[in-house]
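K.L.:
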Amino acid sequence: MSDLRIYGIARTRAFRALWVAKELGIDYEHFPVEIGDAGARTPEFLAINPNGRLPVIVDGDFVLFESLAITMYLAKKHSVGKLYPATLEREARTWQWSLWAVTEVDRGVNIWSLHAVRLPEAERDKARREEALKVLVAPFKVLDAAVSKQPYLLGNDFTVADLNVAAVISRAIEMDLSASPNIKVWLTRCLERPAAREALALKSKADSETPAEITRRIARTNRL
């Protein structure tokens, strides 16, 4: 039995934790907990994460929630100087891009994905989808410029900064990114990594098995 346990079905932000674990090549045990009353809101799960959100990890006796805190914790624990930056400045840049992703693009990509792909076709809102694309124009220009002259966010090497941002916008790979060609190249490069492919396979399987009512609940609960 592994010391590291990852809780959360791969369709959720647990995808981020699963990707970093695979990238690091560390052993873990995966518990594909679902959202809602039958999963993340059960008394047993709330004893681990009182927020009732996914993901959460238990690493030995250490419990940690929030997906990007998890990715950076695991990267720093297992891969300083490689996946996790070794200098203060590069570490700060990693935090910058990670926080930027969740504040600037996470919600827009999720809204677009729900109303372009994931909700039953008859329930998709074209206006919501188009508004999400408008909201993403400005931040996507920022990201496109950042990866226009170097292969990755911090330079020549893939780091947890790339993993975090690529994981947050992973569903954007299905968008028309012709206005952001550098994002298209960079995101494809990140998502074609072997570890990313393995995590994406788990995510795709979870997506394919998700009942429509769960997807509706995601949209309602998060006002998407």
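According to our numbering, the sequence shown is numbered sequentially starting from 801.
Positions of the beta carbon are idealized from the N, C-alpha and C atoms, including for glycine.
A quick note: this is a predicted structure, and the numbers were derived from the prediction, not measured.
Report the residue ranges of all beta strand (DSSP E) runs contained in full by the stretch 810 to 865; include only those spanning at least 3 residues, in chain order.
P.N.:
829 to 831, 856 to 859, 862 to 865
K.L.:
Does DSSP classify Arg-993 as helix, strand or coil?
P.N.:
The three-state secondary structure of Arg-993, taken from DSSP, is coil.
K.L.:
Looking at C-alpha atoms only, which residue of Trp-986, Ser-802, Lys-877 is the closest neighbour of Glu-829?
P.N.:
Checking every option, the nearest Cα to that of Glu-829 belongs to Ser-802.
K.L.:
Can you name the start and end residues of the beta strand (DSSP E) that Leu-804 belongs to?
P.N.:
804 to 807
K.L.:
Since His-878 and Leu-824 should fall inside the 8 Å C-beta cutoff, what is the C-beta to C-beta distance between them, to a whole number of angstroms?
P.N.:
5 Å
K.L.:
Have a look at Leu-943 and Ile-983 and give me their C-alpha separation to the nearest angstrom.
P.N.:
7 Å
K.L.:
Do the stretch 893 to 901 and the stretch 965 to 984 make contact, defined as three or more Cβ pairs closer than 8 Å?
P.N.:
yes
K.L.:
Could you say if the stretch 912 to 921 and the stretch 884 to 891 meet the contact criterion of at least three C-beta pairs nearer than 8 Å?
P.N.:
no
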